[in-house]
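**Q**
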Amino acid sequence: MSSLYEWPLELIPMVILTPILKDTEWISKQDPYVCLEYTSSKFRTKTCTDGGKNPIFQEKFVFTLIEGLQELNVMVWNSNILSADDFIGSGRIQLYKVLSQGYDDTAWPIQDRSGRYSGEVRLILYHVISLSLSLSLSVRAHLLT
Numbered sequence: 000m001s002s003l004y005e006w007p008l009e010l011i012p013m014v015i016l017t018p019i020l021k022d023t024e025w026i027s028k029q030d031p032y033v034c035l036e037y038t039s040s041k042f043r044t045k046t047c048t049d050g051g052k053n054p055i056f057q058e059k060f061v062f063t064l065i066e067g068l069q070e071l072n073v074m075v076w077n078s079n080i081l082s083a084d085d086f087i088g089s090g091r092i093q094l095y096k097v098l099s100q101g102y103d104d105t106a107w108p109i110q111d112r113s114g115r116y117s118g119e120v121r122l123i124l125y126h127v128i129s130l131s132l133s134l135s136l137s138v139r140a141h142l143l144t
């Protein structure tokens, strides 16, 4: 892949909400949380207690991007206290738009284990040149003047 940027870049996804989630609770409202994975980096939102089918998250995470790897995995779970957490769904987030335009605000579909639609996860994605690279470039520029 030809790159317009100096690597590494940092991807900053902000999990906003997960509308129309499949409900895994029988009696009470579900308590969903979202997990994001990119290579070996894994992040988890806080549990949205009683978030039900339309939980709202407003959490940011920072991933250092690797050139050529353009996919982020997302999984949504329902937190349980007395039993194992229930899997709601998962999906793959394509990074082409955020890498080419610097910004992406999209609701991505998720599927349950049988491949059926189980909701969406809305992510706002943007990228920046990593702070260490930015500082390095500004120090070099200062030394040259």
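23 is the number that numbering that gives the first Met the number 0 gives to position 24 of the sequence shown; each next residue is one higher, with no gaps. Backbone N, C-alpha and C fix where the C-beta goes; we use that ideal spot for every residue, glycine too.
Since Trp107 sits in a beta bridge, which residues does DSSP pair it with?
**A** Val120
**Q** Determine the contact status of Thr44 and Glu58, defining contact as a CB-CB distance below 7 angstroms.
**A** yes
**Q** Can Ala106 and Arg121 be called in contact, C-beta distance under 7 angstroms?
**A** The beta carbons of Ala106 and Arg121 sit closer together than 7 angstroms.
**Q** Taking C-beta to C-beta, are Asp111 and Leu124 nearer than 7 angstroms?
**A** no
**Q** If the criterion is Cβ atoms closer than 7 angstroms, does the pair Tyr32 and Thr46 meet it?
**A** Tyr32 places its beta carbon less than 7 angstroms from that of Thr46.
**Q** Can you tell me the Cα-Cα spacing of Val14 and Ser82, whole angstroms?
**A** 26 angstroms
**Q** Go through its chain and collect everything with a Cβ distance to Leu130's Cβ below 7 angstroms, but skip five positions before and after it.
**A** Low confidence applies to Leu130: its pLDDT is 47, below 50, so where it sits in the model is not reliable, and the reading given next is rough at best. Result list for Leu130: empty, nothing under 7 angstroms.
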